[in-house]
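Colleague: Shown below is the structure under consideration.
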Amino acid sequence: MAPMTEINDASFLARFPNLLTGADTQDIARVVGLLRHRTAGAGEPLIVQGGHSESLFLIVQGRLRVQIDADGRRLLLGEVKPGGWVGELSLIKPAPASATVTALEDVHAWALSHKAFEVLRREHPRTASRIIQTVALALVGRLRSSSAQLIRQVGQGTYTLQSADDTSGMI
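So the number in the numbering used here is just where the residue sits in the sequence shown, counting from 1, plus 276.
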């Protein structure tokens, strides 16, 4: 398959049908107009843990490995394939990346920057709300999966991971 450097509404819908569920053609056109093409060669990081992160990357072609490095150990979190995305927290608030995302093969992605998303949020809040809802549901799924995995690994012992407060949440 040839890499897609040109974006149109139909190709966006075909590759990311759930990102704008229920959106009309104007919503889709607004988002497509904000996307920028990004590439990463095999072995090249798209996002670096601890580095500044400010874009959602919609993966068009190629596979990526997601991992975190902590206490001298590397933990593989998974792979992202075409139709998936990474960097969704950056839409809400740019911050140091919590993981490194590396291309396993040549990757083509469409990036939606935080700055572009903020313009969308101000000018077309309904469209931005659709994206936030989809991202929130995906994050809930990831959190549940991570919690279940942690429970399996910890077993019967009792551990304190972190205290929550009203400003930062739990994780």
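Just so it is clear, CB atoms sit at the ideal spot from N, CA and C, and this is done for glycine as well.
Bear in mind the structure is a predicted one, so any value in this text is a computation, not a measurement.
With distances taken from CA atoms, which of Leu295, Gly363, Val324 and Leu365 is nearest Asp345?
Modeller: Taking the sequence shown and counting its residues from 1, one reaches residue 345 at position 69. Checked all of Leu295, Gly363, Val324 and Leu365; the closest Cα to Asp345 is Val324.
Colleague: How many angstroms separate the CA atom of Ala335 from the CA atom of Gly317?
Modeller: One-based indexing of the sequence shown puts residue 335 at position 59. One-based indexing of the sequence shown puts residue 317 at position 41. Note that residue 335 corresponds to Ile in the displayed sequence, not to Ala. When rounded, the distance between both Cα atoms is 13 Å.
Colleague: Please identify the residue among Ser405, Val383 and Ile368 whose C-alpha is closest to the C-alpha of Lys391.
Modeller: As a first step, residue 391 is located in the sequence shown; it is residue number 115 there, counting from the start. When each option's Cα is compared against that of Lys391, the closest is Ile368.
Colleague: With burial defined as no fewer than 16 other Cβ atoms inside 10 Å of the residue's Cβ, what is the status of Leu332: buried or exposed?
Modeller: Position 56 of the sequence shown holds residue 332. That one is buried.
Colleague: In angstroms with no decimal places, state the Cα-to-Cα distance between Val411 and His400.
Modeller: Position 135 of the sequence shown, counted from the start, is the residue given in the question as residue 411. Position 124 of the sequence shown, counted from the start, is the residue given in the question as residue 400. If I take the Cα positions, the gap works out to 17 Å.
Colleague: Buried or exposed, going by whether 16 or more other CB atoms sit within 10 Å of the CB of Ala404?
Modeller: Taking the first residue of the sequence shown as position 1, residue 404 is located at position 128. Flag for Ala404 reads buried.
Colleague: Measuring only the C-alpha atoms, how far is Ser287 from Thr315?
Modeller: Taking the sequence shown and counting its residues from 1, one reaches residue 287 at position 11. Taking the sequence shown and counting its residues from 1, one reaches residue 315 at position 39. So the two alpha carbons sit approximately 18 Å from each other.
Colleague: By DSSP's criteria, His328 is part of a beta bridge. Which residues make up the other side?
Modeller: In the sequence shown, residue 328 corresponds to position 52, counting from 1. Answer is Pro372.
Colleague: Can you tell me whether His384 is buried or exposed, with buried defined as 16 or more other CB within 10 angstroms of its CB?
Modeller: Translated into positions along the sequence shown, residue 384 becomes position 108. Buried, by the Cβ-count rule.
Colleague: Suppose contacts are defined by Cβ-Cβ distances below 8 Å. Is Glu282 in contact with Gly338 by that definition?
Modeller: Translated into the one-based positions of the sequence shown, residue 282 becomes position 6. Translated into the one-based positions of the sequence shown, residue 338 becomes position 62. In this structure, Gly338 does not lie closer than 8 Å to Glu282 by Cβ.
Colleague: With Ile304 as the anchor, note down where its alpha helix (DSSP H) starts and where it stops.
Modeller: Here the question's residue 304 lines up with position 28 in the sequence shown. From DSSP, the alpha helix (DSSP H) with Ile304 extends over Thr301 to Leu310.
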